[in-house]
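The structure appears right after this line, and notes come after that.
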Amino acid sequence: MKQAISTLCAVHTDVKTLITDLELPVSDWDEKWIGVYLDNSLRMLDMCVAYSSEISRLSQGHLYLQCGLHKLDGSSTQFMKARSSLDGWKQHINAKNHRLENCFAILDSLTESLNLPKIKNSAKGKVLMHAMYGVRVATVFICSIFAVAFSGSAAKLKDLQVRETCLWTEAFVDVRDFISQEIRSIYSSGRITALKELEVVDTSVKKLYPLIQNGVDPNEAEQLHLLTSNLTEKAEKLSGGLDLLAKEADRFFHILLTGRDSLLCNLRIDSTVSNPAEVNNNVERKEVR
Numbered sequence: 509m510k511q512a513i514s515t516l517c518a519v520h521t522d523v524k525t526l527i528t529d530l531e532l533p534v535s536d537w538d539e540k541w542i543g544v545y546l547d548n549s550l551r552m553l554d555m556c557v558a559y560s561s562e563i564s565r566l567s568q569g570h571l572y573l574q575c576g577l578h579k580l581d582g583s584s585t586q587f588m589k590a591r592s593s594l595d596g597w598k599q600h601i602n603a604k605n606h607r608l609e610n611c612f613a614i615l616d617s618l619t620e621s622l623n624l625p626k627i628k629n630s631a632k633g634k635v636l637m638h639a640m641y642g643v644r645v646a647t648v649f650i651c652s653i654f655a656v657a658f659s660g661s662a663a664k665l666k667d668l669q670v671r672e673t674c675l676w677t678e679a680f681v682d683v684r685d686f687i688s689q690e691i692r693s694i695y696s697s698g699r700i701t702a703l704k705e706l707e708v709v710d711t712s713v714k715k716l717y718p719l720i721q722n723g724v725d726p727n728e729a730e731q732l733h734l735l736t737s738n739l740t741e742k743a744e745k746l747s748g749g750l751d752l753l754a755k756e757a758d759r760f761f762h763i764l765l766t767g768r769d770s771l772l773c774n775l776r777i778d779s780t781v782s783n784p785a786e787v788n789n790n791v792e793r794k795e796v797r
């Protein structure tokens, strides 16, 4: 997942560089296109916030594991507290994040707007439109996979359709079909999540829990040590992975925000040059949107 967000960061950064290199005047941009772009960028920022909140929620679950593992070093009385902590972890992980509920509606809206109004007919405009289309497809696809992975169900997984005229269409369809099949297979097998590291921790907890449920027999001390060590290792790996994922999500949010701000700045400059009297009426209205 970290690599997926890194890919989004890279393609959005590249298209920002392309816009600068093309030196395409804002006056050549269709006003409706600008409006849709600003609306979509705002929706993507909302989606980033939702995903960041889910990553943070999963990270908070690590506290339950740390507490439970610490209690396993003590007496049988402490084992009861350890079980309570593990119960708390399971409840926390299985809880629903209401901020994610709107992500699928946002993705539907972004999918519908893939074929945006075009920039006025020009060679540079066509280059930018082709690039922007690819970026939007990559964004919708990767974000939809995130939404399904975080939701715990493949029920809302859709096969994103793209133009057949793109040179990369066949490669995209192959990747889309492979990932979609993998996710559907994961959930059909009864697994609680598509997040591998989280699934591994859940499995470790399920193995450890019965052993401490009724107290540990002295003969089971070695097994307890092995299971505890295994859970500690897997929990730390999950926590570290979530930290890296959170940083990449924040980076993507910043890239989206600066790209949006850059366009708004260019709109102000263009409006000032073309018609200073309409700056407040036109540009600031777009900012509100």
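Each residue of the sequence shown is one higher than the one before, starting from 509 at the first, in this note's numbering.
The beta-carbon is built from N, C-alpha and C at its ideal position, and this holds for glycine as well.
Residue of the options minimising C-alpha distance to residue i
| i | options | result |
| --- | --- | --- |
| Phe654 | Ala702, Arg565, Val544 | Ala702 |
| Glu730 | Leu580, Ser514, Val519 | Leu580 |
| Lys598 | Thr677, Trp541, Gln568 | Gln568 |
| Ala603 | Lys714, Met637, Leu566, Leu573 | Leu566 |
| Ile691 | Ala613, Lys704, Leu735 | Lys704 |
| Ile700 | Glu678, Val656, Val670 | Val656 |
| Leu771 | Val519, Asp522, His520, Ile542 | Ile542 |
| Ser661 | Gly767, Leu746, Ser697, Phe587 | Ser697 |
| Leu665 | Asp616, Glu678, Ala639 | Asp616 |
| Cys674 | Val648, Ala639, Asp667 | Ala639 |
| Arg591 | Cys575, Ser737, Asn605 | Cys575 |
| Pro533 | Leu573, Asp725, Ser630 | Ser630 |
| Thr677 | Tyr572, Ser693, Gly642 | Gly642 |
| Phe680 | Ile694, Ser693, Thr647, Tyr695 | Thr647 |
Where residue i falls: helix, strand or coil (DSSP)
| i | result |
| --- | --- |
| Trp676 | coil |
| Val523 | helix |
| Ser696 | helix |
| Glu609 | coil |
| Lys666 | coil |
| Ser621 | coil |
| Asn788 | Confidence at Asn788 is low in this model, with a pLDDT of 49, below 50, so its placement is unreliable and no value can be given for it. |
| Arg759 | helix |
| Gly576 | helix |
| Thr647 | helix |
| Asn738 | helix |
| Asn602 | helix |
| Gly660 | coil |
For residue j and residue i, believed in contact at Cβ under 8 Å, the rounded distance
| i | j | result |
| --- | --- | --- |
| Val544 | Ser621 | 6 Å |
| Cys611 | Arg759 | About 19 Å; that fails the 8 Å criterion. |
| Ala558 | Leu618 | Not quite, the Cβ-Cβ distance comes to about 14 Å (not below 8 Å), so this is no contact. |
| Glu756 | Ile513 | 4 Å |
| Thr801 | Leu594 | Summary: the structure shown does not reach residue 801, with the chain confined to residues 509 through 797, and so no result is reported for it. |
| Leu735 | Lys715 | 6 Å |
| Leu764 | Met509 | With 8 Å as the limit, Leu764 and Met509 do not qualify as a contact, their Cβ atoms being about 17 Å apart. |
| Ile650 | Arg551 | Actually they are not in contact, since the Cβ atoms of Ile650 and Arg551 sit about 15 Å apart, beyond 8 Å. |
| Phe761 | Leu546 | At roughly 16 Å, the Cβ-Cβ gap does not stay under 8 Å, so Phe761 and Leu546 are not in contact. |
Buried or exposed by the 16-neighbour rule on C-beta atoms within 10 Å, applied to residue i
| i | result |
| --- | --- |
| Arg809 | In the structure as shown, the chain begins at 509 and stops at 797. Residue 809 is therefore absent and cannot be evaluated. |
| Phe658 | buried |
| Cys773 | exposed |
| His570 | buried |
| Val683 | exposed |
| Glu795 | For Glu795, the predicted structure reports a pLDDT of 46, less than 50, and the residue's modelled location is therefore unreliable. The matter cannot be settled from this model. |
| Asp710 | buried |
| Gly748 | exposed |
| Pro742 | One detail in the question is off: residue 742 reads as Lys in this sequence, not Pro. So Lys742 counts as buried. |
| Ser712 | buried |
| Asn548 | buried |
| Met555 | buried |
| Thr766 | exposed |
| His520 | buried |
Residue i at chain C interface by Cβ criterion, 8 Å
| i | result |
| --- | --- |
| Leu752 | This model lacks chain C altogether, as it is built from one protein chain only. |
Check: residue i C-beta below 7 Å from any heavy atom of the ligand SAM
| i | result |
| --- | --- |
| Ala729 | The model depicted lacks the ligand SAM and carries no ligand whatsoever. |
*Report yes or no: do three or more beta-carbon pairs, one from the region 560-574 and one from the region 512-531, lie closer than 8 Å?*
A contact between stretches requires three or more CB pairs, one per stretch, nearer than 8 Å, and the region 560-574 fails this requirement with the region 512-531.
_the region 685-695 contacting the region 715-723, beta-carbon criterion three pairs below 8 Å_ = Contact fails between the region 685-695 and the region 715-723, because fewer than three Cβ pairs, one in each stretch, are under 8 Å apart.
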